[in-house]
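If you use the numbering used here, the sequence shown corresponds to residues 322 to 522, in order.
Ideal Cβ positions, reconstructed from N, Cα and C, are used throughout, including at glycine.
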Amino acid sequence: MKGVVLISGSGSNLQSLIDNASSIDLSIEAVISNKKEAFGLQRAQQSNIPTHALDHKLFSSREDFDQNLSQLIGQYNPDIVILAGFMRILTAEFTQKYTGKMLNIHPSLLPKFQGLNTHQRALDAGEKEHGVSVHFVTAELDGGPIIAQSKIKVLANDDVESLAKRILIEEHKLFPEVIHWFTQDRLKLEKNQATLDGQLL
Ligand code: GRF
């Protein structure tokens, strides 16, 4: 199955998809970043994957950026659009274009801690458990139907860095697994609910 991956940063999740691509039947056709300095672009280039930097600051509006992004993605005609640390709020028009075929990974146990700084907020709230979620993308930021989560225990001496480190390890396992469900045609978005093999998740 053909996928386009959107990133904004380090791209460690992208790397886990590159490393697992053949076993999860994913052909990464292109990687697009809204930041030209994103290290993930170098990771893609090292694996001979076409890359594009589309700087959101060069566009007059969110709509304008999203239209250009959508045009770029469209050139690759992907079956799946993967948000792997893509730190942009997307317009409803853009998300609707890819309903049921766009997945995001978010470092919290959604619906808790949508948005930014999830590890600090989990610590501030005194959470005993924290984790990561993969969900279908809808117009609501980090609010689409949840597909799968991995949990970790929050330890007494945890800080943002230690949580981020342990959660990334979970992310790198969970995201390829969920994407494999999708490439096997087992994962669907039906009536705004995620299903696996026809069963509600
Ligand atoms: C991850 O924690 C992901 O869940 C979040 O942004 C981070 C991206 O990390 N959306 P990386 O660029 O994949 O290393």
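Review point. Nearest CA to the CA of N438: which residue from T412, F415 and V481?
Key: V481
Rounded to whole angstroms, what is the Cα-Cα separation between I370 and I349?
7 Å
Quiz item: When we look at the beta-carbon of I500 and count the other beta-carbons within 10 Å, is it buried (16 or more) or exposed?
Solution: buried
Residues near the ligand GRF, criterion Cβ-heavy atom distance below 5 Å: G330, S331, G332, S333, N334, G406, I426 and P428
Practice prompt. Run the CB neighbour count on D385, radius 10 Å, all protein chains shown included, and call it buried at 16 or more, exposed below.
Written response: exposed
*asked:* Using 8 Å for Cβ pairs, my map puts G361 next to G332. What's the rounded Cβ distance?
replied: 2 Å
query: So, using beta-carbon positions, are F457 and L517 closer together than 9 Å?
result: no
- Which of helix, strand or coil does DSSP assign to S329? coil
Boundaries of the alpha helix (DSSP H) in which V458 is found, first to last residue:
From DSSP, V458 is part of no alpha helix (DSSP H); its letter is neither H nor E.
**OP:** State the beta-bridge partners of S337 as determined by DSSP.
**Re:** Looking at the DSSP assignment, S337 forms no beta bridge with any residue, so it has no partner.
**Message:** Taking the straight line between their C-alpha atoms, what separation do you get for P399 and I353?
**Reply:** 13 Å
Check whether the region 431-448 touches the region 463-472, counting contact only when three or more Cβ pairs, one atom from each stretch, lie closer than 8 Å. yes
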